[in-house]
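Take a look at the structure set out below.
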Amino acid sequence: MNDAATTPAPIRVLIVEDDEDDDLLIREMLAEAPVGFEIERVARLEAALERMGGDRIDVVLADLTLPDSHGIATFRRLYRHPSRAPILVLSGIDDEALALRTVEEGAQDYLVKGEFDSALLVRSIRYAIKRAAAETALQDERNLLRSVIDNVPDSIFVKDAEGRYLLGNTAHAQQLGIESPEEIVGHTSFDYFAPEVARGFAADDERVLTTGTAIVNRHEFVGEGRGSLKWLSTTKVPLRDAQGHIIGIVGVGRDITARKLAEEKLASYAEELRGKNAEIEDDLQLAREVQQAFLPQQFPTFPPTASPEASAVRFVSRYLPTMTLGGDFFHVLRLSDTRVGIFICDAMGHGVQAALVTAIQRTLVEELHALADRPGVFLTQMNASLLSILRRTKSPLFASAFYLVADLAAGALSYANAGHPRALHLHRDTGRIEALAHGKPGPVLGVFEDSVYTTYEAALAPHDLVILFTDGLYEVENSQGELFDFELLREVLQARVQLPAEELFDEMLVEVRRFSATGGFDDDVCLVGMEVRRLLDAA
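Just so you know, our numbering puts the end of the sequence shown at 540, numbered straight through with nothing missing.
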């Protein structure tokens with residue numbers, strides 16, 4: 002084996018020190034270390050800033066007292082440098098207040114000259130590099146989260162337990178009639194709305210904080226206020242800390258003034274926005290609360306006046322994320338009194354990025370509602386809209402999707418596929434199972450600008466069960482490295498084809514877990530079933 006391939010690259014150290022004796026002592030300490038170092042020294046702050054703008058520097062060891070700069074100002078100028086190199090302060094002054102101040106402002110450590118040895122110095126350098134790398138990765142992810150949230154047209158905000166805003170996105174700032182989301186931090190609803198409206202919001206917040214029960218998609222008339230807003234569709238869910246304690250609320254709002262006016266004229270309104278909820282430890286706690294609120298909380302009945310028990314069609318779903326945040330998503334749309342659409346998608350990867358893509362798609366499903374009767378056109382426009390948003394981010398992101406429309410009067414299915422696993426159609430009267438696989442699936446969403454998706458058709462009969470799912474359901478390995486593949490999934494369903502959908506789903510998940518070497522799933526799992534009890538009268 003080539004020794005050069007296994008030997009780690011030396012750590013590049015920039016010493017900012019005007020005292021040659023101190024420089025020599027530091028070099029001697031680093032020479033004793035079991036790792037390699039490449040050391041450079043400059044004696045002035047301006048020279049240090051110029052060097053940091055050149056080739057890579059892994060860590061800066063800086064004295065705060067230099068010929069051209071003194072004290073905390075020295076650190077601040079080094080810290081603001083675009084290179085983002087981690088900084089260790091090596092000072093001849095044993096000043097605890099100064100040490101705390103530099104660490105609070107971003108220094109990785111504060112070491113007093115003469116009070117550390119080689120081992121402590123090397124350990125501090127290595128820890129500083131690792132901490133800085135972790136902080137940079139976290140900041141990049143936060144920037145991505147902020148970028149996508151600010152491009153979602155829905156208003157998103159967070160309040161603490163006292164009703165003070167902690168966070169808001171661009172859409173929320175526009176609704177309030179202010180220039181920047183940062184302006185709301187520390188303010189309350191009373192700063193932006195009429196007293197009677199703000200009191201109503203405060204009462205809602207208190208109810209969520211006290212009971213832990215979400216307010217989902219409630220329509221509220223809030224008047225003109227400081228912006229031009231009249232009607233809001235509001236969702237509020239509890240924000241919890243890592244121990245499950247409620248520490249505030251997450252709110253999602255949408256300006257539905259135009260829809261409300263159309264509803265008054267046409268006596269109809271599109272399906273209400275579902276709850277959004279997300280959490281990420283710090284940012285992940287929030288993201289999870291928002292993501293959970295995206296999933297449907299209840300399903301439409303057909304005809305609309307029917308109870309769930311009397312509905313001609315029944316929906317069943319299962320959602321099993323493998324991490325705090327999932328990359329799968331589904332939605333059920335009422336298109337008319339006899340037509341329903343089912344959308345399912347699977348975003349690339351896991352965690353924050355995948356969850357943010359699903360958040361965008363949730364919004365696009367609502368915005369493209371007017372095209373939802375034509376699956377191919379629906380996916381084509383969704384691909385174009387998704388690309389226009391994702392091209393603003395630095396990371397490559399995409400998602401597979403399957404969209405199906407069921408006509409409960411005509412007994413017909415139409416569907417389109419964007420690189421997604423084929424839906425399964427269970428003909429219970431004959432016991433036959435077939436995949437909805439006419440033609441070749443189109444490419445995944447978010448990759449090719451000119452993608453056009455084809456609509457395919459199939460017949461639908463009473464007692465049929467149609468199942469849409471993501472690939473996490475069957476891409477599971479056993480202890481021998483064998484996959485629970487698509488054909489094995491069909492076998493499991495064939496043996497249970499006559500079971501009610503709820504029972505069938507539960508037994509299917511049990512079988513996959515039993516097969517899995519880990520007893521669980523390696524990827525997010527999303528299942529949506531449409532069980533047809535009877536067809537409707539076209540009249």
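Glycine included, every Cβ here is placed at the ideal spot set by N, Cα and C.
It is roughly 28 angstroms from the alpha-carbon of Tyr-457 to the alpha-carbon of Asp-524. By the Cβ rule, the stretch 431-442 does not count as touching the stretch 474-482, because fewer than three pairs are nearer than 8 angstroms. If you draw a 10 Å sphere on the C-beta of Glu-33, you find fewer than 16 other C-beta atoms in it, and that means exposed. Cβ neighbours of Lys-114 within its own chain (closer than 7 angstroms, five residues either side excluded): Asp-23, Leu-91, Ser-92 and Gly-93. Secondary structure of Asp-192 (DSSP, three-state): helix. If you check the CB distance, Asp-338 and Pro-304 come in under 9 angstroms. Secondary structure at Ile-216: strand, using DSSP grouped into helix, strand and coil. By the beta-carbon neighbour count (other beta carbons within 10 angstroms, threshold 16), Thr-103 is buried. Taking Arg-340 as reference, the option from Thr-323, Thr-359, Val-314 and Leu-365 with the minimal CA-CA separation is Val-314. Gly-328 is not a Cβ neighbour of Val-366, given a cutoff of 9 angstroms.
When rounded, the separation of the alpha-carbon atoms in Gly-520 and Phe-506 is 17 angstroms. If you compare the alpha carbons of Tyr-404, Met-349 and Ser-389 with that of His-370, the shortest gap goes to Tyr-404. Residue burial annotation: Leu-387 is buried, with at least 16 other C-beta atoms found within 10 angstroms of its C-beta. In this structure the stretch 76-90 touches the stretch 51-63; the number of beta carbon pairs closer than 8 angstroms is three or more.
No Cβ-Cβ contact shorter than 9 angstroms links Gly-254 with Leu-240. The beta carbon of Asp-472 is closer than 6 angstroms to those of Pro-422 in its chain, skipping five residues each way along the sequence. In this structure, the straight-line span from the alpha carbon of Leu-466 to that of Arg-514 is close to 23 angstroms.
Taking C-beta atoms as the reference points, Ser-70 and Leu-46 count as a pair closer than 9 angstroms. Listed in chain order, the beta strand (DSSP E) runs fully inside the stretch 76-125 are 88-92 and 110-113, counting runs of at least 3 residues. Between the alpha carbons of Leu-101 and Arg-57 lies a gap of roughly 28 angstroms. Rounded to the nearest whole angstrom, the CA to CA distance from Glu-18 to Asp-141 is 32 angstroms. If the five residues before and after Ile-126 are omitted, its C-beta is found closer than 6 angstroms to the C-beta atoms of Val-60, all from its own chain and listed in chain order. Boundaries around Arg-255 are those of the beta strand (DSSP E), 247-256, since no alpha helix (DSSP H) includes it. Residue environment: Ala-134 is assigned as exposed (fewer than 16 neighbouring CB atoms within 10 Å of its CB, all protein chains considered). As computed with DSSP, Phe-403 is found in a beta bridge with Ile-345 and Asn-418. Per the Cβ contact rule, the stretch 376-387 is in contact with the stretch 449-456 (3 or more Cβ pairs under 8 angstroms).
In the same chain as Glu-532, and ignoring 5 residues on each side of it, the C-beta atoms closer than 6 angstroms to its own belong to Arg-315, Leu-466 and Ala-502, in chain order.
Leu-233 carries a strand assignment under DSSP once its states are collapsed to helix, strand and coil. For a cut-off of 8 angstroms, the C-beta gap from Leu-391 to Gly-447 is around 5 angstroms, short enough to register as a contact.
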